[in-house]
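Mapping to full-length UniProt numbering: the sequence shown position 322 is 322, numbers consecutive.
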Amino acid sequence: MSSTDLYIRKIQLSEHPYIKQRDICIEIPNNEKRNIIITGRNGCGKSTLLSSIKDNLRCAVNKRLANQSHFKKIWANAQQAFNEINPTDAQYAAIKQALIRAFNNLTVNAGGFATVEISQQINGQSNAVLAYFEAKRLTDLIKPENISAPVANSEEIGRHTSGQKFLHHLVNRRSQLAFALEDGEKEEAEEIKKWFNSLDDLFSRLFEKEVKLKFLRTQLDFVLETSDGESIDLKALSDGYSAIVSMVTEIIMRMEAITFGGLDVSGIVLIDEVETHLHVALQREILPFLTTMFPNIQFVVTTHSPFVLQSIDDAIIYDLESNQTIDQSEELWKYSYEALVDGYFEVDKFSGILRDKIQRYKELVADTSLEPKQKKELRQLKKELESVPTFKNATIETELKQLGLK
């Protein structure tokens with residue numbers, strides 16, 4: 001973790017008119033940079049909480065947090081007046097409008113209901129990525145009409161039109177590559193080639209096969225081309241891939257507005273219902289994909305998918321219904337999908353993380369020449385696997401019994 005990394009350390013929300021839970025506190029231990037997953041049943045307020053976090057970050061950028069407590073008092077007074085007035089009273093409409101104004105002033109101008117503690121002061125959006133994605137999202141890439149100088153502009157958190165210009169940006173970068181080669185600017189040309197190669201790697205990981213960006217010169221457009229010559233039009237993807245590409249292109253363009261060529265810019269990205277439009281396999285892969293491709297971004301997501309919950313092993317999980325926080329690196333990997341959400345889907349009988357631990361245990365047991373470090377790892381794995389709760393999962397129980405761990 002770099003000292004320049006921007007990330008959320010703590011989230012607090014004492015009350016919100018649209019969230020039943022009170023005195024919410026999500027705190028990351030040891031001030032580490034960790035991804036945050038907010039879960040809970042539909043209707044419990046996950047989206048509202050995430051939006052409140054967005055409001056606070058937006059106002060932090062605009063230096064508007066100083067008046068937050070003042071506007072909270074105005075809202076509380078307006079709420080009390082509204083609760084006490086009879087709907088038949090002549091002043092009812094005016095008091096209701098005063099409450100609406102107080103709510104809007106608080107959320108728009110003073111940081112909203114949440115208080116967010118971050119690792120460092122935000123100085124505009126010039127040095128870090130800040131992005132917020134609502135649950136409804138699909139790729140809306142605009143086909144380029146001309147070539148221009150490659151310029152990526154930063155946008156306020158909550159707005160996401162930068163990603164629409166991704167193809168245009170590719171065309172502009174491709175033209176700069178041609179100009180650099182023509183002018184003998186080898187260093188600049190190599191830098192641009194390296195950037196395109198990193199995008200090839202990113203999309204290859206996403207589509208789980210080798211693909212490369214192909215420039216259609218006569219059409220001023222880009223497609224992805226597979227090794228067998230198949231073309232993938234980024235403007236005509238299935239809903240699942242479209243939802244992912246819409247986020248990926250937006251994040252890339254926001255990084256481009258800060259510095260050219262890297263996918264390692266620091267920042268905070270909020271994603272509501274990260275599993276939207278994704279089938280089970282992609283639900284498992286979305287967070288590992290995003291955290292691998294953008295290693296210095298802290299992702300704060302909402303979900304009620306058990307497959308998302310178990311897809312990475314270092315997140316902080318907050319259950320909005322129970323007001324409890326789970327450190328995923330210590331606890332959640334132990335639990336089967338069935339234990340988390342009974343009957344959600346008849347798919348894999350235990351989590352990928354647990355499967356990996358069992359496989360690693362088998363490998364170490366079979367090795368007759370372990371190093372001291374490996375022996376220590378084996379003892380630790382044995383201790384962990386012996387404590388795994390099996391619940392109703394016969395597959396887990398059988399596997400562990402065969403290994404003599406139950």
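A virtual CB, placed ideally from N, CA and C, is assigned to each residue, including glycine. It should be emphasised that the depicted structure is a prediction, and the values quoted were computed from it without experimental measurement.
TODO: Hey, could you find the ends of the alpha helix (DSSP H) residue 302 is sitting in?
DONE: As a position in the sequence shown, residue 302 is number 302, starting the count at 1. Residue 302 -> not in any alpha helix (DSSP H); beta strand (DSSP E) instead, spanning 297 to 302.
TODO: Report the option in 373, 247, 167 and 293 whose CA atom is closest to the CA atom of residue 214.
DONE: For this step, residue 214 is matched to residue 214 along the sequence shown. The residue with the shortest Cα to Cα distance from residue 214 is 167.
Open item on the list: To test your reading of the DSSP string, which unbroken alpha helix (DSSP H) runs of 4 or more residues are found completely within the segment 79 to 155?
Closed with: 92 to 109, all fully within the segment 79 to 155.
Open item on the list: Measuring alpha carbon to alpha carbon, tell me which residue in 57, 176 and 361 is nearest residue 129.
Closed with: Position 129 of the sequence shown, counted from the first residue, corresponds to residue 129. Cα-wise, what sits closest to residue 129 is 57.
Task: Terminal residues of the beta strand (DSSP E) in which residue 211 lies - done: Within the sequence shown, numbered from 1, the residue matching residue 211 stands at position 211. 211 to 216 is the extent of the beta strand (DSSP E) around residue 211.
Task: Alpha-carbon to alpha-carbon, residue 371 and residue 144 - done: Counting from one through the sequence shown, the residue named residue 144 turns up at place 144. Counting from one through the sequence shown, the residue named residue 371 turns up at place 371. Cα-Cα distance, rounded: 58 Å.
TODO: Please determine if the segment 277 to 293 and the segment 179 to 197 are in contact, where contact requires at least 3 C-beta pairs separated by less than 8 Å.
DONE: The segment 277 to 293 vs the segment 179 to 197: no contact.
- [ ] Please state whether DSSP places residue 267 in a helix, a strand or coil.
- [x] The residue given as residue 267 occupies position 267 in the sequence shown. DSSP places residue 267 in strand when its eight states are reduced to three.
TODO: Between the Cα of residue 267 and those of 377, 316 and 299, spot the shortest distance and give me the residue it belongs to.
DONE: Sequence index remark: in the sequence shown, residue 267 carries index 267 (1-based). Residue 299 holds the alpha-carbon nearest to the alpha-carbon of residue 267 among 377, 316 and 299.
TODO: Would you kindly check if the distance between the Cβ of residue 282 and the Cβ of residue 240 is under 9 Å?
DONE: Translated into the one-based positions of the sequence shown, residue 240 becomes position 240. Translated into the one-based positions of the sequence shown, residue 282 becomes position 282. Cβ distance < 9 Å, so residue 240 and residue 282 count as in contact.
Task: Bridge partner(s) assigned by DSSP for residue 223 - done: Position 223 of the sequence shown, counting from 1, holds the residue named residue 223. For residue 223, which the question treats as bridged, DSSP gives the partners 214.
Open item on the list: For the beta strand (DSSP E) containing residue 9, name the first residue and the last one.
Closed with: The residue given as residue 9 occupies position 9 in the sequence shown. For residue 9, the uninterrupted beta strand (DSSP E) segment begins and ends at 8 to 13.
- [ ] For residue 120, collect the residues of the same chain with a Cβ closer than 7 Å to its Cβ; drop the 5 residues on either side in sequence, then sort them by chain order.
- [x] As a first step, residue 120 is located in the sequence shown; it is residue number 120 there, counting from the start. Cβ neighbours of residue 120 beyond the five flanking positions: 6.
Open item on the list: Whole angstroms are fine: how far does the CA of residue 285 sit from the CA of residue 309?
Closed with: Translated into positions along the sequence shown, residue 309 becomes position 309. Translated into positions along the sequence shown, residue 285 becomes position 285. The straight-line gap from Cα to Cα measures roughly 11 Å.
Open item on the list: Can you confirm whether the segment 78 to 91 touches the segment 320 to 328 when touching is taken to mean that 3 or more C-beta pairs between the two stretches lie within less than 8 Å?
Closed with: Using a C-beta cut-off of 8 Å, the segment 320 to 328 makes no contact with the segment 78 to 91, since fewer than three inter-stretch Cβ pairs fall below that distance.
- [ ] Can you say whether residue 345 is buried or exposed, counting buried as having 16 or more other CB atoms within 10 angstroms of its CB?
- [x] Here residue 345 refers to the residue found at position 345 when the sequence shown is read from its first residue. Low local confidence applies: a pLDDT of 35 at residue 345 is under 50, so the model's placement there is unreliable, and no value is given.
Open item on the list: Taking contact to mean 3 or more Cβ pairs, one atom from each stretch, closer than 8 Å, check whether the segment 67 to 74 and the segment 90 to 110 are in contact.
Closed with: With contact defined as three or more Cβ pairs closer than 8 Å, the segment 67 to 74 and the segment 90 to 110 are in contact.
- [ ] Identify whether residue 369 lies in helix, strand or coil by the three-state DSSP scheme.
- [x] Within the sequence shown, numbered from 1, the residue matching residue 369 stands at position 369. In the structure shown, residue 369 sits in coil (DSSP, three-state: anything other than H, G, I, E or B).
Task: Contact the segment 28 to 36 vs the segment 89 to 98: 3+ CB pairs below 8 Å - done: Fewer than three Cβ pairs drawn from the segment 28 to 36 and the segment 89 to 98 lie within less than 8 Å of each other, which leaves the two stretches out of contact.
TODO: Check residue 273 in the structure and name its three-state DSSP category.
DONE: To locate residue 273, count along the sequence shown from 1; it is residue 273. Residue 273 falls in the coil class under three-state DSSP.
Task: Unbroken alpha helix (DSSP H) run spanning residue 27, endpoints - done: Within the sequence shown, residue 27 is the residue found at index 27, counting from 1. Per DSSP, residue 27 belongs to no alpha helix (DSSP H); it is in the beta strand (DSSP E), 24 to 27.
TODO: Rounded to whole angstroms, what's the CA-CA distance from residue 386 to residue 324? Just pull it up for me.
DONE: By 1-based counting over the sequence shown, the position of residue 386 is 386. By 1-based counting over the sequence shown, the position of residue 324 is 324. Going by the C-alpha atoms only, they are around 25 Å apart.
Task: residue 17 versus residue 53 - alpha carbon distance - done: As a working mapping, residue 17 is identified with position 17 in the sequence shown. As a working mapping, residue 53 is identified with position 53 in the sequence shown. Spanning the alpha carbons of residue 17 and residue 53 requires a straight line of approximately 15 Å.
- [ ] With a 10 Å radius around its C-beta and 16 neighbouring C-beta atoms as the bar for buried, classify residue 296 as buried or exposed.
- [x] Start at 1 with the first residue of the sequence shown, and residue 296 comes out as number 296. So residue 296 ends up on the buried side.
- [ ] Within 10 angstroms of the Cβ of residue 35, are there 16 or more other Cβ atoms? Answer buried if so, exposed if not.
- [x] Position 35 of the sequence shown, counted from the start, is the residue given in the question as residue 35. Residue 35 comes out buried.
- [ ] Check residue 21 in the structure and name its three-state DSSP category.
- [x] Position 21 of the sequence shown, counted from the start, is the residue given in the question as residue 21. Residue 21: coil per DSSP, three-state reduction.
Task: Extent of the continuous beta strand (DSSP E) run through residue 55 - done: The count along the sequence shown starts at 1 and reaches residue 55 at position 55. Secondary structure note for residue 55: it is in no beta strand (DSSP E), and the uninterrupted alpha helix (DSSP H) holding it is 46 to 61.
TODO: Look at residue 247 and residue 269 and say whether their C-beta atoms are less than 9 Å apart.
DONE: On the sequence shown, residue 247 is found 247 positions in, with the first residue counted as 1. On the sequence shown, residue 269 is found 269 positions in, with the first residue counted as 1. Yes, the Cβ-Cβ distance between residue 247 and residue 269 is below 9 Å.
- [ ] Mind reading off the beta-carbon distance from residue 225 to residue 212? Whole number of angstroms is fine, and I expect it under 8 Å.
- [x] Residue 225 sits at position 225 when you count from the first residue of the sequence shown. Residue 212 sits at position 212 when you count from the first residue of the sequence shown. Contact flag correct, Cβ pair sits at about 6 Å.
Task: Presumed contact (8 Å Cβ cut-off) between residue 50 and residue 38, rounded CB distance - done: Locating residue 50 in the sequence shown gives position 50, counting from the first residue. Locating residue 38 in the sequence shown gives position 38, counting from the first residue. Contact flag correct, Cβ pair sits at about 7 Å.
- [ ] With DSSP collapsed to three states, give me the class of residue 161.
- [x] Within the sequence shown, the letter at position 161 stands for residue 161. Looking at residue 161 - three-state DSSP - the assignment turns out to be coil, as it is neither helix nor strand.
- [ ] Count the other C-beta atoms from every protein chain shown that fall within 10 angstroms of the C-beta of residue 59, then say buried if there are 16 or more, exposed otherwise.
- [x] Residue numbering aside, residue 59 sits at position 59 when the sequence shown is read from its first letter. With at least 16 other beta carbons inside 10 angstroms of its own, residue 59 counts as buried.
- [ ] Would you mind giving the Cβ-Cβ distance between residue 138 and residue 242, rounded to the nearest angstrom? I have them listed as a contact below 8 Å.
- [x] Here residue 138 refers to the residue found at position 138 when the sequence shown is read from its first residue. Here residue 242 refers to the residue found at position 242 when the sequence shown is read from its first residue. For a cut-off of 8 Å, the C-beta gap from residue 138 to residue 242 is around 5 Å, short enough to register as a contact.
Open item on the list: Taking only three categories from DSSP, how would you classify residue 374?
Closed with: Position 374 of the sequence shown, counting from 1, holds the residue named residue 374. In this structure, residue 374 counts as helix in the three-state DSSP scheme.
- [ ] On the DSSP bridge assignment, give the partners of residue 16 in chain order.
- [x] Sequence index remark: in the sequence shown, residue 16 carries index 16 (1-based). Listed as beta-bridge partners of residue 16 by DSSP are 19.
Open item on the list: Could you tell me the alpha carbon to alpha carbon distance between residue 337 and residue 249, rounded to whole angstroms?
Closed with: Counted from its first residue, the sequence shown places residue 337 at position 337. Counted from its first residue, the sequence shown places residue 249 at position 249. Only weak support is given to the placement of residue 337: the predicted model assigns it a pLDDT of 48, under 50, and the question is left unresolved by the model.
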